[in-house]
Amino acid sequence: MNVSLKRIQAIFMKDYKEFSRNYAISMVIFLPLILALMYRQTGAESIQSYFLPLNMTFSMVTAYVQSCLIAEEKERNTLRSLMMSPASIADILLGKSLLVFILTGVILAVSAYIVGYAPSQVVPIVLVLAISTVFYLAVGTICGLFTKSVMEASLAVLPIILVFSFGPMALNLTETNVMYKIAQWLPSAQLVILAEHSQQGASVGEIVQPLLLITIWTVVAIVIAVLLFKKRTKDE
């Protein structure tokens with residue numbers, strides 16, 4: 087699969103201009119920061135309180151903005167032109183994801199600073215946050231490809247926000263609870279579990295397990311996004 091840096095950069099710049107002009111989408115990036123400020127005022131210092139703004143960033147920024155940018159292309163009928171251009175699938179998907187990836191990284195860093203989260207083991211946390219970002223980019227791409235307009239994309243992301251952002255709260259329940267047994271497999275919950283293990287100085291094996299599960303979620307989401315993109319290419 088050929089990858090052209092020039093084409094990726096061109097798609098990135100196009101998305102940047104559209105994002106900066108669309109205030110309805112761009113203003114969303116401030117919501118996790120506002121939530122982080124609110125949590126800072128409460129004085130909560132648990133891993134779950136630290137990671138709620140971070141998980142909200144993934145769903146409300148990464149998935150939401152990505153889906154809206156894809157849906158906006160479809161709504162304007164410009165995605166078809168992009169698909170028919172010499173750009174490969176990798177060029178398009180990487181170019182369409184680069185802006186949101188950078189935005190997510192910045193907001194995650196600022197949110198973590200605001201709530202005062204300082205991981206004892208930086209490398210595994212940064213790695214799992216990067217993998218999680220890719221997962222939510224793939225989920226956002228899927229939502230954008232399934233919908234026909236920005237409004238539809240906004241509605242399609244709502245279940246993602248509710249389930250993945252607030253799902254980890256079920257970890258406060260007893261292990262015998264049905265909601266706990268289901269929620270613990272969510273990538274957002276595994277992210278919290280990994281952070282807790284890391285903060286407690288757990289062994290490599292205890293950290294690798296949630297990292298592996300999040301990676302599996304990510305690979306599956308990427309495969310679905312690529313297959314759906316190919317299908318949309320034929321449909322168009």
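Residue numbers for the sequence shown follow our numbering, so the first one is 87 and each next one is one higher. For every residue, glycine included, the Cβ atom is placed at its ideal position computed from N, Cα and C. Only a predicted model underlies this, so the values are computations on that prediction, with no experimental measurement involved.
- Per the Cβ contact rule, the region 271–278 is in contact with the region 242–258 (3 or more Cβ pairs under 8 Å).
- Going by C-alpha positions, P210 is about 15 Å away from L194.
- In the pairwise beta carbon analysis, the region 217–226 is classified as touching the region 142–160: at least three pairs are separated by under 8 Å.
- Taken atom to atom, the span from the alpha-carbon of A242 to that of S235 is near 11 Å.
- One alpha carbon belongs to Q276, the other to L297, and they sit about 8 Å apart.
- Within the region 112–146, complete alpha helix (DSSP H) segments of at least 4 residues are found at 117–128, 133–143, given in chain order.
- Only exposed fits Y199, as fewer than 16 other CB atoms lie within 10 angstroms of its CB.
- The Cβ-Cβ distance between S197 and L140 falls below 8 Å.
- If the five residues before and after G181 are omitted, its C-beta is found closer than 6 Å to the C-beta atoms of I94, I97, F98, all from its own chain and listed in chain order.
- Following the DSSP letters along the chain, one finds A195 inside the alpha helix (DSSP H) bounded by residues 175–201.
- For R162, the secondary structure class from DSSP, reduced to helix, strand or coil, is coil.
- Put simply, the backbone Cα of S90 is about 50 Å away from that of N263.
- Straight across, the Cα-Cα distance linking L313 with Q127 is about 44 Å.
- Rounded to the nearest angstrom, the Cβ distance from A149 to V201 is 21 Å, too far for a contact under 8 Å.
- Less than 8 Å separates the beta-carbon of V151 from that of V114.
- Bounds of any alpha helix (DSSP H) do not take in Q286, whose DSSP letter is neither H nor E.
- Membership of E261 in any alpha helix (DSSP H) is not indicated, and neither H nor E is assigned to it by DSSP.
- A distance below 8 Å separates the beta carbons of I111 and C154.
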